[in-house]
């Protein structure tokens, strides 16, 4: 089993990166769905002689805007809280293998 000894700074970086990546991926996944798969009206336009479908609007789950603001704020709060905590004596920095 691999044992990781992370400092508080490293833990904060992991938490903030994971939160921002999750929110960005959630939005990207929503926008990656083609308009034909959504149960919404579509606008049809012609580009270079071919029909192109655009969703009239993108339905967004009610919790997504709240999650998009709350999750990064919580992770930044965690990161700032950890800046005030001293590294514990039992955490050891391991040199990188070159």
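Residue numbers (the working numbering): 1 to 98. We put the beta carbon where it would ideally sit given N, CA and C, even for glycine.
Host alpha helix (DSSP H) of residue i (start-end)
i          : result
residue 26 : 8-32
Where residue i sits in the DSSP three-state scheme
i          : result
residue 40 : coil
residue 58 : coil
Boundaries of the beta strand (DSSP E) in which residue i is found, first to last residue
i          : result
residue 50 : 50-55
Own chain partners of residue i with C-beta closer than 7 Å, once the 5 adjacent residues on each side are dropped
i          : result
residue 40 : 55, 56, 57 and 59
residue 75 : 15, 16 and 19
Spatial distance of residue i from residue j (CA atoms)
i           : j          : result
residue 104 : residue 71 : Nothing about residue 104 can be read from this structure; the chain reaches only from 1 to 98.
residue 53  : residue 5  : 51 Å
residue 43  : residue 35 : 9 Å
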